[in-house]
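Asks: Have a look at the structure that comes next, please.
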Amino acid sequence: MNREINPSSIAPTAANFAHGVLSTDASRILHISGTVGTRPDGTISDDIAEQAGETWRSIAAICAEAGLGLDDIVSITTYAVAGEPLGGVMAARDAALGGRRVASVLITVPALVRPEWRMEVAAVAIR
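In our numbering, the protein residues as written are 256 to 382.
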């Protein structure tokens with residue numbers, strides 16, 4: 256079972272995420288490597304929002320292959336190229352997680368490994 260940890264003794268989160276997520280009785284932990292928005296055919300959109308949607312579809316497939324689902328994600332780290340619009344990235348995350356709040360960080364970077372990559376997500380899922 257996973258439970259949000261948001262102490263009333265500290266400031267609330269600045270966006271739709273939890274300060275922490277406590278996992279009890281976890282029997283399976285999946286660490287998902289940084290995942291980018293490359294489509295199964297190897298192409299990638301130049302639109303960051305489309306890349307974000309494809310990234311989350313890939314993360315869902317990785318979870319499913321491990322017998323887990325997006326509901327099991329407890330932590331995400333998102334990297335986005337500085338200056339890119341982030342609204343679509345956040346919307347894709349919120350849609351994928353169904354509005355659930357997980358431990359989360361968004362880091363802007365000057366560039367990712369390949370110039371066509373605009374964003375990347377690493378995650379942890381626990382059941």
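We put the beta carbon where it would ideally sit given N, CA and C, even for glycine.
1. Would you mind stating whether A377 and I287 have Cβ atoms separated by less than 8 Å?
2. Suppose you measure from the CA of G342 to the CA of I362; what does that come to, to the nearest Å?
3. Whose C-alpha, out of V336, M345 and A358, is nearest the C-alpha of V364?
4. So if DSSP puts E320 in a beta bridge, which residue, or which two residues, is it bridged to?
5. Measuring alpha carbon to alpha carbon, tell me which residue in V276, M256, E309 and R355 is nearest V344.
6. To test your reading of the DSSP string, which unbroken alpha helix (DSSP H) runs of 4 or more residues are found completely within the stretch 321-370?
7. Would you kindly check if the distance between the Cβ of I381 and the Cβ of D327 is under 8 Å?
8. With distances taken between CB atoms, is the gap from G289 to E375 smaller than 8 Å?
9. Output the boundary residues of the beta strand (DSSP E) element that contains H274.
10. Do R258 and L277 come within 8 Å of each other at the CB atom, strictly closer than that value?
11. Taking only the alpha-carbon atoms, compute the straight-line gap between L367 and T332 and give it to the nearest angstrom.
Replies: So, to answer that:
1. yes
2. 14 Å
3. V336
4. E320 is not bridged to any residue.
5. E309
6. 342-351
7. yes
8. yes
9. From DSSP, H274 is part of no beta strand (DSSP E); its letter is neither H nor E.
10. yes
11. 14 Å
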